[in-house]
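>
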Amino acid sequence: MSGEGANSRRLLEAALGQHRLGRLDEAASLYRQLLSNQPRHAQALQLLGTLEQQRGRSAAALRLMRQAVALEPSIAWYHGNVAEAQRAAGHRKAAVASARRGHAILAAAEETLLVLGNVLAEDGDVLGAAVAFQRALALAPAYGEAANNLGDLWSQLQQPDMARRSFWRVLALQPLHAAARTNLANALYGMGEAPAALHHYRLAIALEPDAAETHVGSGVAWRQCAGFERALICYRRALVLAPGSVEARYNMSLVQLTRGDYAGGWPGFALRRRIRAFRPIRPEPQEPLWQGEDLKGRSILLHAEQGHGDAIQFARYVPMVAARGGRVVLECHPALLRLFASLAGAAHLRARGTELPQFDLHCPLMSLAEVFDTGVDSIPATTPYLAVSDEATARWQERLQRLPRPRIGLCWRGSRTFREDRTRSPGLAAFEPILALEGPSFAALMPDPEPDPRVFDVTALLDDFAETAAAIAVLDLVITSDTAVAHLAGALGRPAWVMLQHVPDWRWFLERSDSPWYPSLRLYRQPGPGDWLSVALQIAADLAGYSV
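In this text, residue positions in the sequence shown follow my numbering: the first is 64, and each later residue adds one.
(1) Output needed for F196: all residues of its chain with C-beta closer than 6 Å, excluding positions within five of it in sequence on either side, in chain order.
(2) Per DSSP, what are the beta-bridge partners of W560 in this structure?
(3) Got a sec, what are the start and stop residues for the beta strand (DSSP E) G472 sits in?
(4) Nearest to G355 by CA position, among V384, A250 and Q237, is which residue?
(5) Mind checking who P427 pairs with in its DSSP beta bridge?
(6) Do A326 and G438 come within 8 Å of each other at the CB atom, strictly closer than that value?
(7) Assuming Y380 and L412 are in contact, meaning their beta carbons sit under 8 Å apart, how far apart are those beta carbons, in whole angstroms?
(8) Alpha carbon to alpha carbon, what distance is there between Q149 and D215?
(9) How would you label S478, buried or exposed, when you count the other beta carbons within 10 angstroms and need 16 or more for buried?
(10) At which residues does the beta strand (DSSP E) containing R465 begin and terminate?
(11) F528 lies in the alpha helix (DSSP H); which residues open and close that run?
(12) Three or more C-beta pairs closer than 8 Å, one from the stretch 264 to 283 and one from the stretch 308 to 320: is that the case here?
(13) For M64, which three-state DSSP category applies?
(14) In three-state terms, what does DSSP make of L74?
(15) Per DSSP, which residues does E394 bridge with? Please list them.
(16) Answer yes or no: do L419 and L463 have a C-beta to C-beta separation smaller than 8 Å?
(17) Around the C-beta of Q349, are 16 or more other C-beta atoms found within 10 angstroms, so that it is buried, or is it exposed?
(18) In chain order, what residues of the same chain have a beta carbon less than 7 Å from the beta carbon of R73, not counting five sequence neighbours either side?
(19) If you drop the 5 nearest sequence neighbours on each side, which residues of the same chain put their C-beta closer than 8 Å to that of L127?
(20) Taking the alpha carbon of D453 as the point to measure from, which residue in R470, E530, P382 and H425 has its own alpha carbon closest?
(21) If you run the structure through DSSP and keep just helix, strand and coil, what is L358?
(22) To the nearest angstrom, report how far apart P489 and P567 are at their CA atoms.
(23) Determine which residues share a DSSP beta bridge with V518 and list them.
(24) For the candidate residues E135, L606, L270 and P427, whose alpha-carbon lies nearest to that of P351?
(25) For S121, I'd like the list of residues in its chain whose CB is within less than 7 Å of its CB, leaving aside the five on either flank, ordered along the chain.
(26) What's the gap between the Cα of V145 and the Cα of A192?
(27) By DSSP's criteria, D577 is part of a beta bridge. Which residues make up the other side?
(28) Between the C-alpha atoms of A160 and A199, what's the straight-line distance to the nearest angstrom?
(29) Would you tell me roughly how many angstroms separate the C-alpha atoms of G372 and A241, rounded to the nearest one?
(30) Going by Cα to Cα distance, which pick from D539, P516, A398 and A133 is closest to L525?
(31) Name the DSSP bridge partner or partners of L352?
(32) Alpha carbons only, please: which of I602, F435, P592 and A275 is nearest the one belonging to S576?
(33) Got a sec? Which residues, its chain only, sit under 6 Å from G80 by beta carbon, not counting five neighbours each side?
(34) For P382, which of helix, strand or coil comes out of DSSP?
(35) Is it the case that the Cβ atoms of Q101 and S71 are separated by a distance below 8 Å?
(36) By a C-beta neighbour count over all protein chains shown, 10 Å radius and 16 as the cutoff for buried, is E501 buried or exposed?
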C-alpha cells in the first residue's frame, strides 16, 4: 500500500471511530481532511453525507451522497442512504426510486429491504412495505429493526395481534429495546388489554424515561383503567419533555371533558385534527377557521368530521351559527342528508363529496362547542332539534302496529370501523336478560348475522338515518349501546336507555345516570370492565315496571 493510501486509511478509520462515538465535529473534520487529499473518495463522501444527515442537514447530505453514488453506482447501500436522506427531506417519490435501485443491485441483502420498506411506508404503500420487511426477516430472522417496523405497519393496518407478535420477536432478541417495548404496549392497548399495556409502558419508561410518546401511551392506558389522576400525571410529564406534544394535550383534554372541565378541555380537544390517529372525512378547507365573530352576511361551511353520532350531537349548534348573521352551508355524511333537512338554520345542505357553494369561513361541527363557550351548565339541550315527517311516522306506525306495546327498539353495536367498538358494544347475546322478559316486543335497529326470533327485524328498511329516526318516532323506548342511535334518539327527544362501558366516551361524564346533552336519555354503566351482564340485569329490572 502506498504512503498516500495508508494515510487515507488511517484518516478514514480515525473518522469512523469519532463518528461511532458521536463526536460529529471531529469526525466531519477528519472526513474533510481526507477528501481534501482525495476528492473522489466515494466512501468518505458517503459517510460524511450520513453525518450531515444526522445533523439534520438533508440538502448537504444528499449532495455528498449523490457524489458517492456517481463514483460507485454499484454499491447498494449508497442508494439506500440516498433514499433515507430523500425520505427525511420529504422527497418521497425520489426516495422510493433510490431504494428500488439499491434493492435491484443487491436483492438478497436485508439492509436494502429495510430501506425499501421504510421509504414505501413513508410513501403510503403500507402493504408493499410489509412485504419488504417480511422478506428482510426471511433472510435474517434475527433482524430486530425489520421486525419492529413490520409491527408498526401491522398497527397501522389495525391488526394489533400481528403487531404484538412482531414486537415480541424484537424483544426476544433485544430485551432492552425501549421502542419495541412501547410498541408492544400500544398493540396490547389496541387489543383491549390496558392493564397488560400499562406493565409494558412502565418497563419502557424505565429503559427510556425521556420518551414523551411513551408517557402519553401510559396515560391513555391509565384512563382506560379509570386511573384519571395517573393519566394526567403522565400527560403532564410528556408535556415537560415535549411541550409541543399535540397527542399529550389532546388526550389530557379527554380526561378533562370526561370530568366536566369543559373550559379546560375544549382547547386541547381542538387539537384532535392534528393527531396522527385522526382520520378526517374531508381535507381541511383553505378558508379561515371561524372563531365565533359576527358573520355579517358571510357564508360559512360547517362540516362533519368523524362519526354519524358526532355529527348528530353537534348539529344542535347549526341554528346558533345562523343566528350570528351567516349563511350556513352544512356538509354531512350522505346517510344523514335527509335527516338534517329537518334542521333549522342551514341554507345549503350538501353530502360529503359533492360540489359545495362558495363560502368565506369554515368550522368543524365538533369545534362549535368551544366557539360558543359551552359549559356543563350551558349545553344547548333543547330537544327535539331534529324531526320526522308525518308521512314517515304514519308509514312506520303501520309497519309496527302488530307489535304489542311497549315497543322497544334495540341496538347492540356501532360501526365496525371504530377502533374501540369491541369495548363499547355488548353484542346481541348480552341482551338476553332483557329479551327474556314477557310483555314488551322488540324491534332490531341493527342487523345481526344470527338474528333472534324474539326480535322483529326491520333493518332492511333502514336505508338512512331519516328512516331510522322515523322508526324510533313510533317506538316507546330505545335500548342501545353507545352508538349513533343513542344520539339520534336524544336529538329527537325520544326516550332511550344507553348501555355504557366502564370508562365511557368523554361526552357521558362519570357516574351520573342522566345526560346534560340529551334530557330524554337514561345512562346505565358497567360496574367493571366488560360487565355487560350487570347492565342488562339492571335494565331488565327497570323494564319490568315500565309502562307507556
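Just so it is clear, CB atoms sit at the ideal spot from N, CA and C, and this is done for glycine as well.
Judging by the given coordinates:
(1) The answer, listed in chain order, is G180, A209, N212 and L213.
(2) Answer by DSSP bridge pairing, in chain order: I542 and R585.
(3) Counting along the chain, the unbroken beta strand (DSSP E) around G472 starts and ends at R470 to C474.
(4) V384
(5) H366
(6) yes
(7) Rounded, the Cβ-Cβ distance is 15 Å, inconsistent with contact.
(8) 21 Å
(9) exposed
(10) Unbroken run through R465: none, as it is neither H nor E.
(11) F528 to V537
(12) With the rule of 3 Cβ pairs closer than 8 Å, the stretch 264 to 283 counts as touching the stretch 308 to 320.
(13) Only weak support exists for where M64 lies, its pLDDT of 46 falling under 50; the coordinates are left without a value.
(14) helix
(15) H366 and R413
(16) no
(17) exposed
(18) Sequence-distant Cβ neighbours of R73 in its own chain, meaning closer than 7 Å and more than five residues away, do not exist here.
(19) Closer than 8 Å at Cβ, skipping near neighbours: L108, Q109, L111, G112 and E115.
(20) E530
(21) coil
(22) 13 Å
(23) F505
(24) Among E135, L606, L270 and P427, the Cα nearest to that of P351 belongs to P427.
(25) Leaving aside the five residues that flank S121 on each side, the residues in its chain whose CB is nearer than 7 Å to its CB run, in chain order, A148, A151 and A152.
(26) Looking at the two C-alpha atoms, the distance is approximately 18 Å.
(27) R585
(28) 19 Å
(29) 38 Å
(30) The option with the nearest alpha carbon to L525 is A398.
(31) In the DSSP secondary-structure assignment, L352 is bridged to H425.
(32) I602
(33) Excluding residues within five positions, none has a Cβ falling inside 6 Å.
(34) helix
(35) Yes, these two residues count as a Cβ contact at 8 Å.
(36) Exposed, since its Cβ has fewer than 16 Cβ neighbours within 10 Å.
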